[in-house]
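Residue numbers (our numbering), protein chains in the order written: chain A, 2 to 405; chain B, 427 to 654.
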């Protein structure tokens with residue numbers, strides 16, 4: 002009977018109840034959609050970082066430093082690559098040689114990081130080959146080919162087949178200058194990196210640096226991030242003299258960005274929940290004010306405080322339980338659609354997303370557990386919001402309430 | 427006959443620290459089972475306050491209200507609510523039915539609070555509503571009933587809990603002559619046939635004429651107490 006009274010009370014003021022139900026539905030929809038967008042952005046950022054920048058695991062000489070003008074190299078690279086490929090969960094592996102240097106053209110010069118790559122292996126580990134905007138990806142047979150970022154190419158008006166001079170130090174600190182021909186212009190989602198990274202064939206660079214079966218870096222792509230911890234342990238066991246790091250250690254900023262985005266989405270959810278909460282409190286207080294006499298009668302007849310509290314709680318929950326599934330359904334429809342088709346953020350933000358290492362197209366994602374989490378938060382909000390109106394009702398004195 | 431209600435030096439004072447106003451002043455009453463009692467007196471004489479004190483809806487400033495040997499002024503709030511549920515029936519001036527419930531549900535509600543089994547509830551609801559002449563209006567909401575019909579549902583509701591007595595505050599005040607007469611007939615029949623104790627406050631001469639005991643209050647004090 003308490004449920005019956007609560008349910009019928011909900012519909013006594015149809016418009017008012019519909020307004021609060023709609024606001025709950027909108028709040029739930031907004032909370033879920035925002036959360037899925039943030040998670041989608043985080044996933045995209047992680048995917049970009051793994052597939053284009055750091056891979057899941059990297060190996061370096063223990064004394065390798067970021068300022069690697071004289072960075073020590075790892076030896077027996079081909080054997081190491083073969084061994085790593087046998088580790089469980091490893092999808093692909095590649096070696097890289099690096100040098101910090103200067104790129105000079107007829108129109109100017111800039112500091113660059115020169116990375117010598119093994120094109121077939123690199124294509125399996127990173128998406129670099131798919132980012133070629135103009136020209137080709139190391140298909141030309143002539144030596145000293147080079148890939149340059151679109152931003153740097155634009156800055157110096159470089160086109161495919163342009164000649165550039167790279168200057169850097171070899172292993173014996175001798176300054177070396179060599180001419181390279183631009184074979185391709187690439188563009189990734191990380192425009193900051195595009196401006197400083199140039200790629201050359203590893204044999205070309207190794208020859209200039211006087212290196213043989215050696216490299217500065219080995220990058221390992223795993224089948225999924227789930228293998229990262231175990232993969233690191235196994236590779237570290239195979240190569241005890243080498244520093245093995247996961248993407249979280251190499252790029253803590255990526256993890257920080259993902260964590261910050263999760264926190265930011267929760268801040269939005271909390272703001273939405275607060276708005277819902279005030280709506281519920283307002284509606285229920287109005288309802289109790291209007292029904293003061295009725296509540297007085299219920300108390301006079303013998304309805305105890307627990308039952309009265311339950312009635313108000315039920316009424317509040319019903320308001321939310323009608324609106325919540327509607328919001329969840331609309332959000333699910335939208336998230337499902339956008340997770341397949343993507344949301345092109347360039348419409349709102351131009352190409353600026355790329356400046357921060359994000360894709361312009363976001364694929365929202367929300368796990369069932371995250372739906373449940375937000376629904377639970379909304380229900381808890383409703384329960385908490387019902388306490389204040391319920392306490393107001395319980396504080397009424399029957400004799401005064403009947404006269405109201 | 428056994429005493430159902432006894433008040434001992436019962437007083438209710440408003441503004442005790444400034445200008446004391448005695449709504450009820452040192453009232454000593456004994457109501458026996460089966461009495462059909464009218465509390466009469468001019469407006470402000472304390473009729474409704476006395477009913478509220480007897481019904482445990484209001485706390486006295488001093489004195490006792492003893493119902494079947496229990497001093498309800500000493501009961502804790504939850505115990506008092508429970509005591510009201512099982513011992514006292516109320517009929518209010520403005521009917522005060524729950525508007526979202528049908529006549530049947532309004533009567534049934536109080537038995538649900540008492541955890542009466544469903545079969546017994548259904549049987550009693552039908553018996554009571556037929557008794558007050560509303561067997562054909564069981565599924566009507568209060569808004570679909572006339573004032574007289576609503577007050578008859580209220581009487582059925584008051585009886586549903588099988589109370590020791592029924593307190594009725596100006597039960598005919600909002601009714602036309604025919605409805606008032608009909609209601610009084612029902613209440614008198616319940617008093618006569620089921621020995622139900624009724625105490626009602628009233629200004630209505632028709633009610634006073636039907637009462638078997640008339641207690642007159644003036645300024646919160648009992649001025650006269652006449653049994654017929």
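C-beta: ideal position from N, C-alpha, C; glycine also.
The C-beta separation of residue 587(B) from residue 540(B) comes to about 6 Å, placing the pair in contact by the 8 Å criterion. When Cβ-Cβ separations below 7 Å define contact, residue 390(A) makes no contact with chain B. The segment 367–374 of chain A makes no contact with the segment 394–401 of chain A, as fewer than three CB pairs between them are under 8 Å. One thing to note: residue 390(A) has its Cβ within 7 Å of the Cβ of residue 313(A). Within the same chain, and ignoring the five residues on either side of residue 429(B) in sequence, the residues whose Cβ sits closer than 8 Å to its Cβ are 456, 457, 458, 459. Across the segment 302–314 of chain A, CB contacts with chain B closer than 9 Å involve 302, 303, 304, 305, 306, 307, 308, in sequence order along the chain.
For residue 579(B), the nearest beta carbon of chain A is not closer than 7 Å to its own beta carbon. The residues 462, 624, in chain order, have a CB closer than 6 Å to that of residue 617(B) in the same chain once the five nearest residues on each side in sequence are set aside. Under the Cβ criterion of 7 Å, residue 538(B) is counted among the residues facing chain A.
In this structure, residue 642(B) lies away from residue 472(B), with their beta-carbon atoms at least 7 Å apart.
Between residue 447(B) and the set 527(B), 487(B), 481(B), 622(B), the nearest pair of CA atoms involves 487(B). The beta carbon of residue 634(B) sits closer than 7 Å to the beta carbons of 464, 466, 628, 640 from its chain, once the five residues preceding and following it are set aside; these are given in chain order. Of all residues in the segment 476–492 of chain B, the ones placed with a Cβ closer than 7 Å to any Cβ belonging to chain A are 478, 483, 484, in chain order.
Contacts between residue 524(B) and chain A, judged by CB atoms closer than 8 Å, involve 6, 295, 298, 299 in chain order. Taking the beta carbon of residue 44(A) as reference, no residue of chain B falls within 9 Å; the closest one sits roughly 49 Å away. Around the beta carbon of residue 134(A), a 10 Å sphere encloses fewer than 16 other beta carbons of the protein chains shown; the residue is thus reported as exposed. Under the three-state reduction of DSSP, residue 349(A) is assigned to helix. The Cβ atoms of residue 180(A) and residue 164(A) lie closer than 7 Å to each other.
Straight across, the Cα-Cα distance linking residue 293(A) with residue 499(B) is about 24 Å. Under a 10 Å Cβ-count criterion, residue 495(B) is classified as exposed, with fewer than 16 other Cβ atoms of the shown protein chains found around its own Cβ. Look at residue 507(B): its C-beta is under 7 Å from a C-beta on chain A.
When the beta-carbon positions are compared, residue 11(A) and residue 291(A) stay at least 7 Å from each other. Residue 295(A) has no beta-bridge partner at all, per DSSP.
Approximately 16 Å separates the beta-carbon atoms of residue 600(B) and residue 469(B); this is outside 8 Å, ruling out the contact.
Residues of chain B with a Cβ closer than 9 Å to the Cβ of residue 2(A) are, in chain order, 527, 531, 534, 535, 538, 539. Take residue 169(A), set aside five residues on each side of it, and the residues of its chain with a beta-carbon closer than 7 Å to its own are 100, 101, 102, 115, 177, in chain order. In the assembly as shown, residue 377(A) is an exposed residue. Its beta-carbon has fewer than 16 other beta-carbons within 10 Å. In the DSSP secondary-structure assignment, residue 456(B) is bridged to 432(B).
Nearest CB-CB separation between residue 511(B) and chain A: below the 7 Å threshold.
Around the Cβ of residue 54(A), a 10 Å sphere holds 16 or more other Cβ atoms; the residue is buried. Around the beta carbon of residue 309(A), a 10 Å sphere encloses 16 or more other beta carbons of the protein chains shown; the residue is thus reported as buried.
Under the three-state reduction of DSSP, residue 39(A) is assigned to helix. Within the same chain, 399, 403 come within 7 Å of residue 301(A) by CB-CB distance, once the 5 residues on both sides are set aside. Contact annotation: the segment 13–31 of chain A touches the segment 267–282 of chain A, with at least three C-beta pairs closer than 8 Å. When the Cα atoms are used, residue 589(B) and residue 443(B) turn out to be separated by approximately 37 Å. Annotation: the continuous beta strand (DSSP E) that includes residue 61(A) extends over 58–61.
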